[in-house]
Amino acid sequence: MADPTAVLFDIDGTLVDSNFLHVEAWDYAFTSTGLNVPAWRIQQAIGADSNELLDQLIGDEPKSTRDDVKGLHDKRYKQLAPRLKILDGAQEIVAELAGRGIRVVLATSAPRQELDRLLTLLNIDDDTYAVTSAEDVKKAKPAPDIIAAALNKGGVDANHAVLVGDSVWDIKAATIAGVTSIGLLSGGTAEALLREAGAAEVYDDVATLLGSLDSSALARLLDPESVTS
């Protein structure tokens with residue numbers, strides 16, 4: 000009997016079109032506290048844990064300011080939540096993989112309340128094998144903790160999994176964990192940056208990846224004989 004295989008999916012910017020709402024929410028938070036942080040810098044930091052993002056963008060500010068900014072972001076993002084959209088092909092690729100015997104694991108470190116909102120929107124519970132959250136890790140991406148947690152929950156080892164994500168943080172975390180990764184442009188990160196971080200392949204979005212499933216890096220998972228220990 001062949002060993003199980005899994006695809007680890009990031010959610011924000013990969014399955015759900017949420018990254019630009021996060022940029023808008025962070026921009027509102029910074030502006031509201033009198034901080035001048037260019038939107039392009041915010042965009043480049045999206046995908047990192049909020050503490051890591053704040054370290055990068057306003058690392059010299061006191062904790063009280065950082066806490067204010069985070070609170071304002073969370074409040075504004077909640078207001079923007081009705082604009083969240085499922086990215087084309089997201090539900091379909093998950094259903095296709097699950098139908099072909101691949102374990103689908105949602106590898107995110109999103110806080111539980113935010114995660115519940117995303118899961119309700121996606122409506123892919125029946126095709127999802129496991130889900131991670133902020134509760135499963137001590138350190139968020141680019142640390143490999145979330146990848147390790149996803150592998151553990153999926154019951155697979157690194158050689159039997161592929162990560163699909165949209166940020167350099169996703170790709171770096173997978174690379175450190177020894178997991179092959181596929182980058183997507185749907186989160187706003189340039190192809191060159193994704194490849195530099197270690198992505199084996201880069202596609203526009205999950206819909207494009209779905210159309211190329213059998214010729215992509217996911218193909219070896221679909222053929223158990225091609226996956227070696």
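Quick note: the sequence shown, position 187, residue 186 per numbering that gives the first Met the number 0, numbers continuous. Think of the CB as a built atom: it goes at the ideal place given N, C-alpha and C, for glycine as much as any other residue. Only a predicted model underlies this, so the values are computations on that prediction, with no experimental measurement involved.
Residue i in three-state terms, based on DSSP
{"i": "Arg97", "result": "The amino acid occupying residue 97 in the given sequence is Ala; Arg does not appear at that position. Three-state result, Ala97: helix."}
{"i": "Leu7", "result": "strand"}
{"i": "Asp204", "result": "coil"}
{"i": "Ile145", "result": "helix"}
{"i": "Gly186", "result": "helix"}
{"i": "Lys77", "result": "helix"}
{"i": "Gln112", "result": "helix"}
{"i": "Thr13", "result": "coil"}
{"i": "Ile123", "result": "coil"}
{"i": "Ser228", "result": "Only weak support is given to the placement of Ser228: the predicted model assigns it a pLDDT of 49, under 50, and the value that follows is read from those uncertain coordinates. It is coil, neither helix nor strand."}
{"i": "Leu162", "result": "strand"}
{"i": "Val68", "result": "helix"}
{"i": "Ser180", "result": "strand"}
{"i": "Lys84", "result": "strand"}
{"i": "Leu229", "result": "Past the boundaries of the shown model lies residue 229; the chain is included only from 0 to 228, so the question cannot be answered."}
{"i": "Val136", "result": "coil"}
{"i": "Leu217", "result": "coil"}
Nearest to residue i (by Cα), restricted to the options the options
{"i": "Thr30", "options": "Leu14, Phe19, Arg75", "result": "Arg75"}
{"i": "His72", "options": "Asp156, Glu23, Trp168, Val205", "result": "Glu23"}
{"i": "Val68", "options": "Asp26, Arg194, Gly46, Ser17", "result": "Asp26"}
{"i": "Val201", "options": "Arg219, Gly154, Thr13, Ala176", "result": "Thr13"}
{"i": "Val15", "options": "Glu113, Trp168, Asn151, Ala199", "result": "Glu113"}
{"i": "Gly187", "options": "Asp203, Ala196, Gly197, Ala198", "result": "Asp203"}
{"i": "Tyr128", "options": "Asn151, Ala196, Leu217, Gly164", "result": "Asn151"}
{"i": "Glu190", "options": "Ser215, Ala206, Glu51, Gly164", "result": "Gly164"}
{"i": "Ser271", "options": "Gly197, Thr32, Ser215", "result": "Because the chain in this structure spans residues 0 to 228, residue 271 falls outside the shown range and cannot be described."}
Contact belief for residue i with residue j at Cβ below 8 Å, rounded distance in angstroms
{"i": "Ser96", "j": "Val6", "result": "Note that residue 96 is Leu in the sequence shown here, rather than Ser. Their Cβ separation, rounded to whole angstroms, is 6 Å, which keeps Leu96 and Val6 in contact under 8 Å."}
{"i": "Ala106", "j": "Phe8", "result": "6 Å"}
{"i": "Gln90", "j": "Leu120", "result": "Going by Cβ atoms, the distance from Gln90 to Leu120 rounds to 10 Å, so no, they are not a contact pair."}
{"i": "Leu221", "j": "Ile101", "result": "7 Å"}
{"i": "Leu83", "j": "Leu34", "result": "Leu83 to Leu34, Cβ: 26 Å. No contact."}
{"i": "Ala230", "j": "Ala218", "result": "For the chain, the structure presents residues 0 to 228; residue 230 sits outside this window and is missing."}
C-beta contact flag for residue i and residue j at 7 Å
{"i": "Val309", "j": "Asp126", "result": "This structure does not reach residue 309, given that the chain is present from 0 up to 228, and the question cannot be answered."}
{"i": "Thr131", "j": "Ala160", "result": "no"}
{"i": "Ile146", "j": "Ala109", "result": "no"}
{"i": "Leu162", "j": "Val178", "result": "yes"}
{"i": "Arg65", "j": "Leu53", "result": "yes"}
{"i": "Pro61", "j": "Val155", "result": "no"}
{"i": "Gly98", "j": "Leu209", "result": "no"}
{"i": "Ser166", "j": "Gly46", "result": "yes"}
{"i": "Leu56", "j": "Val205", "result": "no"}
Checklist entry - Any contact of the segment 177-197 with the segment 26-41, i.e. 3+ C-beta pairs under 8 Å? => result Touching, no, given that fewer than three Cβ pairs across the two stretches are closer than 8 Å.
Checklist entry - Per the contact definition of three or more C-beta pairs closer than 8 Å, is the segment 131-145 in contact with the segment 172-180? => result Counting Cβ pairs under 8 Å, three or more are found: they touch.
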